[in-house]
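Student: One structure, as structure tokens, below. Some questions next.
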Amino acid sequence: MATLDRGVLGNLVADAIDERMEIIAQYIAAEARQRCPVRKSEDRGRRTIVALTKDSTYMIGRQPISTSEMVLAAKRIGINLKKVQKKRYALQARRIARGQRPLPRNGDLGIVVRRPRVYAEDIDATPRYGKRALSASQWATMTGKTQSAYQKRVNAITEQEEKPGALRRSIHVMNESDGKIIRYAIRATGSEERSYARYVEFPTVHTAAQPFLLPALKNNERRIAQRLRGAIGKR
Amino acid sequence: MVTTVAPIQQALVQALRANAVLKAALTGGIHEGVAPQGSTYPWLVYQLHYAPYDFAWGSVLITAGLDVFVFHTDQVEARNLDQLVMTTLHDAQLAVSGQSTLFCRRTQDLQSVTLDDQGRKVYQVGGIFEIWTDQSLG
């Protein structure tokens, strides 16, 4: 953000400026956090994997399928939704959950799949069938994917758990001063594993820019100069 | 009446389009923010980055920072186009409606390499142009 040479300034003035610059840097970082875009928080809880056949509708998992999902699934496989009773869904689902009906066979299903949305606290990413955890082979049979995809899915879910606001939380002030130079920097990285602030600040092939750091700095340029002049003037 | 940063953006785009060589070279077009899906390389993207207002007695100074980036799959061509953009805009006298242009200069360079949806390597070359304009209040 700014670099000043202590040798030129003299120690008394340098200390005053050092203190003032830290305050300014914190102020600019706070403004950057306000400007930083934040992903919308999603509803908590799991969604279901729903298998829909031409004969009836199943509900697999702990949550019922919504009306809009039923309509979408019915359109995808061409069944008349009016002929299927909601009561029958629940009955079918209970039978499946109790193991009274076999797992749907691979290939004859029109599947409406919702990607599970879980957070860091919800560490159990094991796919479930009712209350029973599915093994890799069972999940592979049900979804038509390979068993290696099972582990990838579990990993993807557990990695997906960043709460919205990771970029905002990563904005911090760093004192990079040494004995000769006064330097403060405001840095934003992203999450601990990935540094992606640059792809938010500037445009990319896929996305437009959502600047937050530079606008915060530019809006306060005059304030920096005034505060530093004030600090020097007092000494 | 105080005008906003919109005339500055318009003036910048007009200056870019006025350069026939640049316009012909940018087969993907000039877009604000992000290029639409299916655009052919190369294309140019511009976007407002910051625009603080500084009010003085009787006038207001706008310091607009605009990102201008060229995207191309060829590294050399991307840099050539960026140089063409630099030649067009650096110290250009932009015709901003309702405002007097004090200067237009490149203040920052930025380059990066990414992959697009088809897995092609895309070179992004450009930077931030800072445009200072002045207009009177009332």
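First to last, the sequence lines map onto chains B and X. Counting from 1, one number per residue, gives the positions in the first sequence under this note's numbering. Counting from 1001, one number per residue, gives the positions in the second sequence under this note's numbering. Quick reminder that beta carbons are idealized off the backbone N, C-alpha and C, glycines included.
If the criterion is Cβ atoms closer than 8 Å, does the pair X:Leu1061 and X:Asp1054 meet it?
Tutor: Along the second sequence, one-based indexing puts residue 1061 of chain X at 61. Along the second sequence, one-based indexing puts residue 1054 of chain X at 54. For X:Leu1061 and X:Asp1054, yes; Cβs fall inside 8 Å.
Student: Tell me the residue span of the alpha helix (DSSP H) that contains X:Asp1082.
Tutor: Translated into positions along the second sequence, residue 1082 of chain X becomes position 82. Note, X:Asp1082: alpha helix (DSSP H), 1075–1089.
Student: Compare the Cα-Cα distances from X:Tyr1123 to each of X:Cys1104, X:Leu1084, X:Val1070, X:Ala1056 and report the closest residue.
Tutor: Along the second sequence, one-based indexing puts residue 1123 of chain X at 123. Of the listed residues, the one whose Cα sits closest to X:Tyr1123 is X:Val1070.
Student: Is there contact between the stretch 1036–1043 of chain X and the stretch 1082–1093 of chain X, where contact requires at least three CB pairs shorter than 8 Å?
Tutor: Output reads no: the stretch 1082–1093 of chain X does not touch the stretch 1036–1043 of chain X.
Student: Would you grab the beta carbon distance between B:Asn219 and X:Pro1052 for me? Rounded to a whole angstrom, and I think it's under 8 Å.
Tutor: The residue you call residue 219 of chain B lines up with position 219 of the first sequence. The residue you call residue 1052 of chain X lines up with position 52 of the second sequence. That belief holds up - the Cβ atoms of B:Asn219 and X:Pro1052 are roughly 5 Å apart, short of 8 Å.
Student: Mark X:Asp1117 as exposed unless 16 or more other C-beta atoms lie within 10 angstroms of its C-beta, in which case mark it buried.
Tutor: Translated into positions along the second sequence, residue 1117 of chain X becomes position 117. Exposed: under 16 other Cβ atoms inside 10 Å.
Student: So if I threshold CB-CB distances at 9 Å, which residues from the stretch 207–222 of chain B count as touching chain X?
Tutor: Those residues of the stretch 207–222 of chain B that come within reach of chain X (Cβ to Cβ, closer than 9 Å) are Thr207, Ala208, Ala209, Pro211, Leu214, Pro215, Ala216, Leu217, Lys218, Asn219, Asn220, Glu221, Arg222.
Student: Provide the residue(s) that pair with X:Leu1048 in DSSP beta bridges, ordered along the chain.
Tutor: Counted from its first residue, the second sequence places residue 1048 of chain X at position 48. The partner list for X:Leu1048 (beta bridge, DSSP) reads X:Leu1066.
Student: Quick check: is the beta carbon of X:Gly1065 nearer than 8 Å to any beta carbon in chain B?
Tutor: For the purposes of this step, residue 1065 of chain X is taken as the residue at position 65 of the second sequence. True, the Cβ-Cβ gap to chain B drops below 8 Å.
Student: Alpha carbons only, please: which of B:Phe202, B:Gly230, B:Ala216, B:His206 is nearest the one belonging to X:Gly1126?
Tutor: To locate residue 1126 of chain X, count along the second sequence from 1; it is residue 126. For X:Gly1126, the nearest C-alpha among the options comes from B:Phe202.
Student: For X:Gly1058, which residues of its own chain have a beta-carbon under 7 Å away from its beta-carbon, when the five flanking residues on both sides are left out?
Tutor: As a working mapping, residue 1058 of chain X is identified with position 58 in the second sequence. Excluding sequence neighbours, X:Gly1058 sits near Ser1136, Leu1137.
Student: CB B:Leu214 to CB B:Ala188, shorter than 8 Å?
Tutor: By 1-based counting over the first sequence, the position of residue 214 of chain B is 214. By 1-based counting over the first sequence, the position of residue 188 of chain B is 188. No. Outside cutoff.
Student: Excluding sequence positions up to five away, which residues of its chain have a Cβ less than 6 Å from the Cβ of B:His206?
Tutor: Locating residue 206 of chain B in the first sequence gives position 206, counting from the first residue. So no residue of the chain qualifies.
Student: Which residues does DSSP list as the beta-bridge partners of B:Glu176?
Tutor: Counting from one through the first sequence, the residue named residue 176 of chain B turns up at place 176. Paired residue(s): none; B:Glu176 is not in a bridge.
Student: CB X:Leu1066 to CB X:Phe1129, shorter than 8 Å?
Tutor: Translated into positions along the second sequence, residue 1066 of chain X becomes position 66. Translated into positions along the second sequence, residue 1129 of chain X becomes position 129. Yes, the pair counts as a contact, with Cβ atoms nearer than the cut-off.
Student: State the Cα-Cα distance for the pair X:Thr960 and B:Tyr150, rounded to the nearest angstrom.
Tutor: It is not possible to answer for residue 960 of chain X, since the shown part of chain X is limited to 1001 through 1138.
Student: Would you say X:Gly1029 touches the ligand FMN, meaning its beta carbon is less than 7 Å from a heavy atom?
Tutor: Absent from the structure shown: the ligand FMN. Ligands present: none.
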